[in-house]
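Novice:
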Amino acid sequence: MSQPLTAAEASRERILAAATALFAEHGYDGTTTRTIAGAAGLNVATVAYHVGTKADLYREVMRRAHEAERAAVTAALAGFAAAAPDDPARAAAEFADRYLDFCLDQPQVPALWMRRWMADAAEFADLEERYARPLLDAVRDGLRAALPRLTPDRAELAVWTVLWTTHGFCRSMIRAQVPRFRAHLRALVVRELGLGEPI
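Quick note on the working numbering: the sequence shown kicks off at 4 and runs consecutively.
Listed below in structure tokens is the structure:
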């Protein structure tokens, strides 16, 4: 059983939760420290005390988003690697399912990345190389390990296609369309990987 948070830890978590929601909705450039403080129910000085500058806070939000995404993708890749020898098309479709489920459960993660890709927070150019690129490479390499005939280029473009499609759908949050989109995503990934008929 985990220990209860101290008052300082609880304040920090409130600030991070508020900042995550605001950065996802309005972007780094569209969010002020004062807005974050107000959403957390604290004053600006308290926010600065617990997390430092707005830039420090943004880096921590993106680090946490990456850690959550990395854990989900790592687990999904392990499932894919285990299932691919028997039925690669089904394994690929289930990998796409797991990634979609992660994005639906944590919509702030795709929203944060989509904000970045629309030229938000341009001064943090290192975040893609630090977080997005290693994850993209891991998925590409995991696909190629299980599907040796898959070229690096085709694997990478398939990953980008699934990523952008899923992030765009989750940003729209048309929840009534999830089953329809899921079926489309499964068919898309199977087709992009050259695995035959959609599952």
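A virtual CB, placed ideally from N, CA and C, is assigned to each residue, including glycine.
Please read all numbers here as calculations on a predicted model, not as lab measurements.
1. Would you mind giving the Cβ-Cβ distance between Leu188 and Ala99, rounded to the nearest angstrom? I have them listed as a contact below 8 angstroms.
2. For Leu188, name the three-state secondary structure that DSSP assigns.
3. Determine the extent of the alpha helix (DSSP H) in which Tyr134 is found, giving its start and end residues.
4. Alpha carbon to alpha carbon, what distance is there between Leu45 and Gly145?
5. What is the C-beta distance between Val162 and Leu191, in whole angstroms, given that I count them as a contact (C-beta under 8 angstroms)?
6. Return the CA-CA distance between Ala148 and Arg73, expressed in angstroms with no decimal places.
7. Specify the secondary structure class of Arg62 as computed by DSSP and reduced to three states.
8. Could you tell me the distance, in whole angstroms, from the CA atom of Ala81 to the CA atom of Arg37?
9. If I measure Cβ to Cβ from Arg118 and keep anything under 6 angstroms in the same chain, skipping five residues before and after, which residues do I get?
Specialist: By the coordinates alone:
1. As a first step, residue 188 is located in the sequence shown; it is residue number 185 there, counting from the start. As a first step, residue 99 is located in the sequence shown; it is residue number 96 there, counting from the start. Going by Cβ atoms, the distance from Leu188 to Ala99 rounds to 5 angstroms, so yes, they are a contact pair.
2. Residue 188 sits at position 185 when you count from the first residue of the sequence shown. It is helical.
3. Residue mapping note: residue 134 aligns to position 131 of the sequence shown, counting from 1. Taken as a continuous stretch (DSSP letters only), Tyr134 belongs to no alpha helix (DSSP H), as it is neither H nor E.
4. Here residue 145 refers to the residue found at position 142 of the sequence shown. Here residue 45 refers to the residue found at position 42 of the sequence shown. Approximately 44 angstroms between the Cα atoms of the pair.
5. For this step, residue 162 is matched to residue 159 along the sequence shown. For this step, residue 191 is matched to residue 188 along the sequence shown. Going by Cβ atoms, the distance from Val162 to Leu191 rounds to 12 angstroms, so no, they are not a contact pair.
6. Taking the sequence shown and counting its residues from 1, one reaches residue 148 at position 145. Taking the sequence shown and counting its residues from 1, one reaches residue 73 at position 70. Near 19 angstroms, if we compare the C-alpha coordinates of Arg73 and Ala148.
7. Along the sequence shown, one-based indexing puts residue 62 at 59. Arg62 falls in the helix class under three-state DSSP.
8. Working through the sequence shown from its first residue, we reach residue 81 at position 78. Working through the sequence shown from its first residue, we reach residue 37 at position 34. Straight-line spacing of the CA atoms in Ala81 and Arg37 works out to 42 angstroms.
9. Locating residue 118 in the sequence shown gives position 115, counting from the first residue. Closer than 6 angstroms at the Cβ level, and outside the excluded window around Arg118, lie Gly30.
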